[in-house]
Every structure is written in C-alpha cells, then in structure tokens.
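Q:
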Amino acid sequence: RIDAMAKDGIRFTQALAGSPVCAPLRCTLMTGKHAGHASVRANDGGTPLRADEPTIASMLKKLGYATGGFGKWGCGGRDSTGVPEKHGFDVFYGYYDQVHAHTFYPPYLIRNSEEVPLEGNDGGRSGQTYSHYKIMDEAEAFIRQNKDQPFFCYLPITLPHGNYDIPADDPAWDQYRNDEWIKDPKIDQDAKNYAAMVTMVDNNLGRVLDLLKELKLEDN
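Here you go:
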C-alpha cells in the first residue's frame, strides 16, 4: 500500500527531513522550523517544546479542526512544557518519551498525560497486549468519531523500531517466519522481525486508506 500511495500521490521534490534523528525531526515536523531554530535539537529524550511554541496542531485547532495524535510524541514528557495537549492536541494516545517507546509491551500507554494500563504487560519483550494494536484502534476510533468535521490525525507510529518485537500470530510475521537470512540466530530473528514490522506498517496504512474510503473521505 505504501508503494501504491507513492505512485498515485504527490512527490515533494524539494522537501527535506528537518533532522537525521528521532526527537529533533519530530520537533521540526510539528513546528515547521529549521533545526537550528527548533527547541528540540538533541535526541536525549529530555528536551521539550517551549510552552509558547506553535505547532501544526495548534494552528489547525484555531481553525476548528479536531486534533488527535496516536503513536510516539518525543517532544516532551509528562509534567513538561512540551506535552501534546498543551500544543494543540485534543487527544494524544501512545508514548510521550523516548525510553518508554522502546518496548511494545509496556505496562501502560499515555492518554493526555494520564496512564492507561495495558493488561498482562511488564515492559519486557513479550506480553499480553501489543501496544501498536491499541494505538491503531484509537486512531481509527478518532477518525470515525470526527468524520463529519475537519480533523487532523497525526499518526507517528513506532514501527519499525527496537526492540524488534511482534506478536507471533500477526499476519505480517507469517510472511517471514520460516525464512533464514543470517547465520547468527539472534540477528536473523531481529532482521525477520524488522521486515515483519515494515509489512505491518504497510498493512496499517492500507487499513487507514480503506477506512477513509469507507467513510467517503478519500477525495476530501
């Protein structure tokens, strides 16, 4: 689905990534600033957006858009000036800080600075509740809820990212389960998991595009 969107979509030939690494890039994406003027310039996970810093979400909110974010924020942890609900988001669900986002089986995710427990998880490399599934469900619910009004759905999903963990029963994993690419079994496992995560992202993009079509929003 990513290839099809690239083929049928708009190519931005003069668009460049604002930074080569995680948090600073998220800051430039949200604010539209050059990295030299942005508040988040390091990837230490502790530098937040400034309290008065406008974002695309805060600008759209002033124009009457419903605003939601689902995934990894990375522009300020809880109790900082950079939390998404202080920067134009009606709702943000997922991970606020860098370290928390390094597990796909965390004990909780965050909704508007409040912890939402995930059943059967202890922060390890396996558990009962896969965080990405919850994030995608929340994003879909937001789109459905706001289908009759202007909305901005920011979907900075965490895949593919270490730890490279994916449920054994996910359809994306089935495509690579029996492949053998690398002699070292640990590296081979991570490589296959990474490939499966990329496929999962592709499947999830299709899920969003299909939802927009179902709601007759694909040409909006």
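Each residue of the sequence shown is one higher than the one before, counting from 963 in my numbering. Think of the CB as a built atom: it goes at the ideal place given N, C-alpha and C, for glycine as much as any other residue.
(1) Could you tell me if P1068 is buried or exposed, where buried requires 16 or more neighbouring beta carbons within 10 angstroms of its beta carbon?
(2) Kindly list the residues whose CB is nearer than 8 Å to the CB of G1085, restricted to its own chain and excluding five residues on each side of it in sequence; keep chain order.
(3) Applying the 10 Å Cβ sphere with the 16-neighbour rule, what's the burial state of L1184?
(4) Excluding the 5 residues flanking T1161 on each side, which residues of the same chain have their C-beta closer than 7 Å to its C-beta?
(5) Please look up how many angstroms separate the CB atoms of F974 and G1030, rounded, as I've assumed it's under 8 Å.
(6) Which term fits D1172, buried or exposed, when burial requires 16 or more other beta carbons within 10 angstroms of its beta carbon?
(7) Measuring alpha carbon to alpha carbon, tell me which of D1110, H1094, L1179, G1168 ends up nearest A968.
(8) Does the structure place the stretch 1150-1157 close enough to the stretch 1113-1132 that three or more beta carbon pairs sit under 8 Å?
(9) With a cut-off of 8 Å, do at least 3 Cβ pairs link the stretch 1088-1103 to the stretch 1013-1027?
(10) Find the nearest neighbour of T1017 within the set H996, A966, M992, V1053, judged by alpha-carbon distance.
(11) Using CA atoms only, rank isn't needed, just tell me which of V1002, C1115, G998, L978 is closest to F1054.
(12) Quick test of the definition: if touching needs 3 or more C-beta pairs under 8 Å, does the stretch 997-1008 touch the stretch 1044-1063?
(13) Could you tell me the distance, in whole angstroms, from the CA atom of I1072 to the CA atom of V1045?
(14) Applying the criterion that 16 or more other CB atoms from any shown protein chain within 10 Å of the CB defines a buried residue, is I964 buried or exposed?
(15) Verify whether the separation of the beta carbon atoms of G1050 and S1020 is less than 9 Å.
(16) Taking A1028 as the reference, give the member of N1083, F1113, Y1126, E1180 with the closest Cα.
(17) Please name the residue in P1147, Y1126, P1118, D1181 whose C-alpha comes closest to that of N1166.
(18) Pick out whichever of L1025, R1139, I1128, W1035 has its Cα sitting closest to the Cα of C984.
(19) So T1091 and E1077 are in contact, right, with Cβ under 8 Å, and what is the actual spacing, rounded?
(20) What are the uninterrupted segments assigned as alpha helix (DSSP H) that are 4 or more residues long and contained completely in the stretch 1018-1060, given in chain order?
(21) Excluding the five sequence neighbours on either side, which residues of its own chain have a C-beta within less than 7 Å of the C-beta of L1174, listed in chain order?
A: This is what the structure gives:
(1) By the beta-carbon neighbour count (other beta carbons within 10 angstroms, threshold 16), P1068 is buried.
(2) In the same chain as G1085, and ignoring 5 residues on each side of it, the C-beta atoms closer than 8 Å to its own belong to T1065, Y1067, P1068, P1069, in chain order.
(3) Any answer about residue 1184 is impossible in this case: the structure gives the chain only from 963 up to 1182.
(4) Taken in chain order, the residues that qualify are A1134, Q1137.
(5) Actually they are not in contact, since the Cβ atoms of F974 and G1030 sit about 24 Å apart, beyond 8 Å.
(6) With fewer than 16 other Cβ atoms within 10 Å, it is exposed.
(7) Just measuring C-alpha positions, the residue of D1110, H1094, L1179, G1168 sitting nearest A968 is G1168.
(8) Taking 8 Å as the limit for Cβ pairs, the verdict is that the stretch 1150-1157 does touch the stretch 1113-1132.
(9) No, the stretch 1088-1103 does not touch the stretch 1013-1027.
(10) In this structure, M992 is the residue among H996, A966, M992, V1053 with its C-alpha nearest to the C-alpha of T1017.
(11) Among V1002, C1115, G998, L978, the Cα nearest to that of F1054 belongs to C1115.
(12) Between the stretch 997-1008 and the stretch 1044-1063 there are three or more C-beta pairs closer than 8 Å, enough to call the two in contact.
(13) When rounded, the distance between both Cα atoms is 11 Å.
(14) It counts as exposed.
(15) Yes, Cβ-Cβ distance for G1050 and S1020 is below 9 Å.
(16) Taking the Cα of A1028 as reference, the smallest distance to any Cα among N1083, F1113, Y1126, E1180 is reached at F1113.
(17) Comparing Cα positions, the closest option is P1118.
(18) Per the Cα distances, W1035.
(19) 14 Å between Cβ atoms; not a contact.
(20) DSSP runs (the alpha helix (DSSP H)) wholly in the stretch 1018-1060: 1018-1024.
(21) A distance below 7 Å between beta-carbons, with the five flanking residues on each side excluded, links L1174 to the following residues of its chain, in chain order: E1180.
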